[in-house]
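Undergrad:
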Amino acid sequence: MIEKQYSIISSTGFARPVSMLVSIAHKYLSKLVLEYEGKSVELNSSPDSVMDIMSLGIRPGAQFILRVEGIDEHQAFKSIEDNFSKMKLIN
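Start counting at 1 in the sequence shown, then tack on 30, and there's your number in the working numbering.
See below:
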């Protein structure tokens, strides 16, 4: 299992990172979970993942945890990290 905490550094909010996370999550077999203020959403569990995450109300400056667990967890995590770096939205 890989787990890392992130901070949102973008003033535009969390919609772009959410779309990217869900898109990546559906490419891998590993379970990807986003946790915020004690609530968690499995990113690759349903087509409603984007709405589930947005309902958490994550705001700029907030911190969240991303947990990846499974057979291809390293590849999934690297893909997410690479995309976060490109987007320059997450710290």
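Positions of the beta carbon are idealized from the N, C-alpha and C atoms, including for glycine.
Compute the beta-carbon to beta-carbon distance between Phe-94 and Tyr-66, rounded to the nearest angstrom, for a pair I have assumed lies under 8 Å.
TA: Contact between Phe-94 and Tyr-66 holds, since their C-beta atoms are separated by about 4 Å, short of 8 Å.
Undergrad: Classify Ile-110 as buried or exposed, calling it buried when 16 or more other Cβ atoms lie within 10 Å of its own Cβ.
TA: Looking at its Cβ environment, which holds 16 or more other Cβ atoms inside 10 Å, Ile-110 is buried.
Undergrad: Count the other C-beta atoms from every protein chain shown that fall within 10 angstroms of the C-beta of Ser-60, then say buried if there are 16 or more, exposed otherwise.
TA: Buried, by the Cβ-count rule.
Undergrad: Going by beta-carbon coordinates alone, are Tyr-36 and Leu-73 separated by less than 8 Å?
TA: The answer is no: Cβ separation not under 8 Å.
Undergrad: Would you kindly report the start and end of the unbroken alpha helix (DSSP H) that includes Ile-83?
TA: 79 to 84
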